[in-house]
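**Q** The opening position of the sequence shown corresponds to residue 107 in this note's numbering, with each subsequent residue numbered one higher. Built from N, CA and C at the ideal position, the CB exists for glycine as well. To start, I am sharing the structure in question, which I have written as structure tokens.
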Amino acid sequence: MDYQPLLHKIRKEIEIYAHDGKQADYIPALANVNPDQFGLCLDLLDGRTYRLGDSDVKFSIQSIAKVFSLAIALSILGKDLWKRIGKEPSGSAFNSLVQLEYEHGKPRNPFINAGALVTADVLLSHLENPKEFFIEFVRTIAGNPDIHYSEATMQSELSCCYLNASIAYLLKHHGNLHNDVDDVLRLYSTMCSVEMSCEDLAHAFMAFAKSNEPFSHAGVNLTVSRVKRINAIMQTCGFYDEAGEFAFLVGLPGKSGVGGGIVALYPSRYSIAVWSPRLNSKGNSIMGMKALEMFTSETEESIF
Ligand code: DON
Numbered sequence: 107m108d109y110q111p112l113l114h115k116i117r118k119e120i121e122i123y124a125h126d127g128k129q130a131d132y133i134p135a136l137a138n139v140n141p142d143q144f145g146l147c148l149d150l151l152d153g154r155t156y157r158l159g160d161s162d163v164k165f166s167i168q169s170i171a172k173v174f175s176l177a178i179a180l181s182i183l184g185k186d187l188w189k190r191i192g193k194e195p196s197g198s199a200f201n202s203l204v205q206l207e208y209e210h211g212k213p214r215n216p217f218i219n220a221g222a223l224v225t226a227d228v229l230l231s232h233l234e235n236p237k238e239f240f241i242e243f244v245r246t247i248a249g250n251p252d253i254h255y256s257e258a259t260m261q262s263e264l265s266c267c268y269l270n271a272s273i274a275y276l277l278k279h280h281g282n283l284h285n286d287v288d289d290v291l292r293l294y295s296t297m298c299s300v301e302m303s304c305e306d307l308a309h310a311f312m313a314f315a316k317s318n319e320p321f322s323h324a325g326v327n328l329t330v331s332r333v334k335r336i337n338a339i340m341q342t343c344g345f346y347d348e349a350g351e352f353a354f355l356v357g358l359p360g361k362s363g364v365g366g367g368i369v370a371l372y373p374s375r376y377s378i379a380v381w382s383p384r385l386n387s388k389g390n391s392i393m394g395m396k397a398l399e400m401f402t403s404e405t406e407e408s409i410f
């Protein structure tokens, strides 16, 4: 099937949502992004790639980074990671503190901020140069050496990360952060401030779609079993308190970020990345969700 006409049709039909929502502004650097951009990239298992709009424009991946840090932390600690982080959906906002208090400092899953602070802590404890390791890992999995983090976005997040700092101190209180809180916050924000395009993200997430060809880099091995686990967590926890809605509308495992990016995949078939900065109240891209819903509805290609 030639997907290009369908992608153009989707772009036309979602235009009615083009001015709904607004870009994230609780991180000042993200408020400066032009909200009226839209990109999409579809990578198929047979090697074909389809692009639409601003597919090559780099943007802040934000929480999508949590998938990469989970892959690394899981390779480092194996099953022991689950002693420190759960694997249940939270049903709460990504930066909620509530469950963490009554669940005694064990984050519900690796994709809420609390869980990702713990994976950042694992990287800090076990890697000599965690920041460099992370960026090199992302470059390799995306097949693009020209991927960097934004110092300005990282500093901007650090300048007002009061909620994340509260989460980190609560984790520390419960003995679930082994490194200095400021170091953990800095690494976490650096990972979130990595900039990638839809093309980079679709290529990177092929590693989670192609479980028959395990990806391996510097000791990080995405075995068939690990890919299965990570995809399951993307399905159940990738969209926070909108995970059920995403499963219902789109029907694919995926991950969003407040930069407006969403990546989703169909195991053994394709990976697809969309980006549009205007978000809904749950922090997920409005046009991105609509485009993916239309894509899986029109192609009848969802995992359900
Ligand atoms: O910690 C934060 O709040 C951001 N760096 C990441 C949040 C995020 O992307 C949530 N995803 N939709």
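Are K361 and G344 close, meaning C-beta to C-beta below 7 Å?
**A** Numbered from its first residue, the sequence shown carries residue 361 at position 255. Numbered from its first residue, the sequence shown carries residue 344 at position 238. A contact, by the Cβ cut-off of 7 Å.
**Q** Would you check if there are 3 or more beta carbon pairs closer than 8 Å linking the segment 259-267 to the segment 120-131?
**A** Touching, no.
**Q** Should E319 go down as buried or exposed, given a rule of 16 or more other Cβ atoms within 10 Å for buried?
**A** In the sequence shown, counting from the first residue as 1, residue 319 sits at position 213. That one is exposed.
**Q** Give a yes or no on contact between the segment 133-143 and the segment 375-384, applying the rule of three or more CB pairs nearer than 8 Å.
**A** Yes, since at least three Cβ pairs between the segment 133-143 and the segment 375-384 fall closer than 8 Å, the two stretches touch.
**Q** Which runs of the beta strand (DSSP E) spanning at least 3 residues fall entirely within the segment 287-353, listed in chain order?
**A** Qualifying beta strand (DSSP E) stretches, in chain order: 300-302, 321-323, 326-328.
**Q** Where DSSP assigns a beta bridge to D149, which residues make up the other side?
**A** Within the sequence shown, numbered from 1, the residue matching residue 149 stands at position 43. Answer is T155, S377.
**Q** Please report how far the alpha carbon of A130 lies from the alpha carbon of S166, in whole angstroms.
**A** For the purposes of this step, residue 130 is identified with residue 24 of the sequence shown, where counting begins at 1. For the purposes of this step, residue 166 is identified with residue 60 of the sequence shown, where counting begins at 1. Between A130 and S166, the C-alpha separation is close to 11 Å.
**Q** Alpha carbon to alpha carbon, what distance is there between G249 and F240?
**A** Counting from one through the sequence shown, the residue named residue 240 turns up at place 134. Counting from one through the sequence shown, the residue named residue 249 turns up at place 143. Each residue's Cα considered, the two are about 14 Å apart.
**Q** Which same chain residues end up closer than 8 Å to N215 when comparing Cβ atoms and leaving out the 5 residues on each side of it in sequence?
**A** Here residue 215 corresponds to residue number 109 of the sequence shown, with the count starting at 1. Closer than 8 Å at Cβ, skipping near neighbours: I191, G192, K193, E194, P195, S196, G221, I339, T342, C343.
**Q** Is N386 near the ligand DON, with its Cβ less than 6 Å from a heavy atom?
**A** Locating residue 386 in the sequence shown gives position 280, counting from the first residue. N386 Cβ: outside cutoff for every heavy atom of the ligand DON.
**Q** Report the start-end ranges of each alpha helix (DSSP H) in the segment 129-205 that is 4 residues or longer and not cut off at the edges.
**A** List check, alpha helix (DSSP H) in window: 134-137, 171-183, 187-190.
**Q** Cβ atoms of L150 and Y376: under 7 Å apart, would you say?
**A** The count along the sequence shown starts at 1 and reaches residue 376 at position 270. The count along the sequence shown starts at 1 and reaches residue 150 at position 44. A contact, by the Cβ cut-off of 7 Å.
**Q** Hey, would you say the C-beta of N270 is under 6 Å away from at least one heavy atom of the ligand DON?
**A** As a first step, residue 270 must be located in the sequence shown, where it is residue number 164. N270 Cβ: within cutoff of the ligand DON.
**Q** Need the endpoints of the beta strand (DSSP E) that V369 sits in, please.
**A** Counting from 1 along the sequence shown, the entry for residue 369 is found at position 263. Element bounds for V369: 367-372.
**Q** Mapping DSSP to helix, strand and coil, what is G127?
**A** For the purposes of this step, residue 127 is taken as the residue at position 21 of the sequence shown. The answer is coil: DSSP assigns G127 none of H, G, I, E or B.
**Q** For K115, does the count of other Cβ atoms within 10 angstroms reach 16, so buried, or fall short, so exposed?
**A** For the purposes of this step, residue 115 is taken as residue 9 along the sequence shown, with counting starting at 1. Burial call: exposed.
**Q** Taking one C-beta from the segment 204-219 and one from the segment 155-163 each time, how about it: are there three or more such pairs within less than 8 Å?
**A** With the cut-off at 8 Å, the segment 204-219 and the segment 155-163 do not touch.
**Q** Check this for me: beta carbons of Y372 and V300, under 7 Å apart or not?
**A** By one-based count along the sequence shown, residue 372 stands at place 266. By one-based count along the sequence shown, residue 300 stands at place 194. No. Outside cutoff.
**Q** If you compare alpha carbons, which of A274, V330, E242, G350 is closest to I253?
**A** Working through the sequence shown from its first residue, we reach residue 253 at position 147. Selected option, being the one with the closest Cα: E242.
**Q** Would the C-beta of F200 count as close to the ligand DON, meaning under 6 Å from any of its heavy atoms?
**A** Looking up residue 200 in the sequence shown gives position 94. Result yes, Cβ under 6 Å from the ligand DON.
**Q** G192: beta carbon under 6 Å from a heavy atom of the ligand DON?
**A** To locate residue 192, count along the sequence shown from 1; it is residue 86. False, no ligand heavy atom lies under 6 Å from that Cβ.
**Q** Is C298 a contact residue of the ligand DON, with contact defined as CB to any heavy atom under 6 Å?
**A** Start at 1 with the first residue of the sequence shown, and residue 298 comes out as number 192. C298: yes, Cβ under 6 Å from the ligand DON.
**Q** Return the chain-ordered list of same chain residues with a C-beta closer than 7 Å to the C-beta of D162, the five sequence neighbours on each side being excluded.
**A** In the sequence shown, the residue the question calls residue 162 occupies position 56. Hits under 7 Å: S303, E305.
**Q** Check whether the Cβ of G366 sits closer than 6 Å to any heavy atom of the ligand DON, and report yes or no.
**A** Taking the sequence shown and counting its residues from 1, one reaches residue 366 at position 260. No - the ligand DON has no heavy atom lying nearer than 6 Å to the Cβ of G366.
**Q** Considering only the alpha carbon of each residue, which of P236, S374, I378 lies closest to G367?
**A** Here residue 367 refers to the residue found at position 261 of the sequence shown. For the residues P236, S374, I378, the minimum Cα distance to G367 belongs to I378.
**Q** Of the choices T405, G394, I392, S374, whose alpha-carbon is the least far from that of G153?
**A** Translated into the one-based positions of the sequence shown, residue 153 becomes position 47. The shortest C-alpha separation from G153 is found at S374.
**Q** Whole angstroms are fine: how far does the CA of V287 sit from the CA of F321?
**A** Your numbering for residue 321 matches position 215 in the sequence shown. Your numbering for residue 287 matches position 181 in the sequence shown. Distance between the alpha carbons of F321 and V287 is about 32 Å.
**Q** List the residues that DSSP assigns as beta-bridge partners of L385.
**A** By one-based count along the sequence shown, residue 385 stands at place 279. L385 is bridged to K128, S391.
**Q** What does the Cβ neighbour count give for Q110, buried or exposed, with the cut at 16 atoms within 10 Å?
**A** As a working mapping, residue 110 is identified with position 4 in the sequence shown. Classification of Q110: exposed, given that the 10 Å Cβ count is below 16.
**Q** Check S362 in the structure and name its three-state DSSP category.
**A** Your numbering for residue 362 matches position 256 in the sequence shown. Looking at S362 - three-state DSSP - the assignment turns out to be strand.
**Q** Is any heavy atom in the ligand DON found nearer than 6 Å to the beta carbon of N219?
**A** Within the sequence shown, the letter at position 113 stands for residue 219. For the ligand DON, at least one heavy atom lies less than 6 Å from the Cβ of N219.
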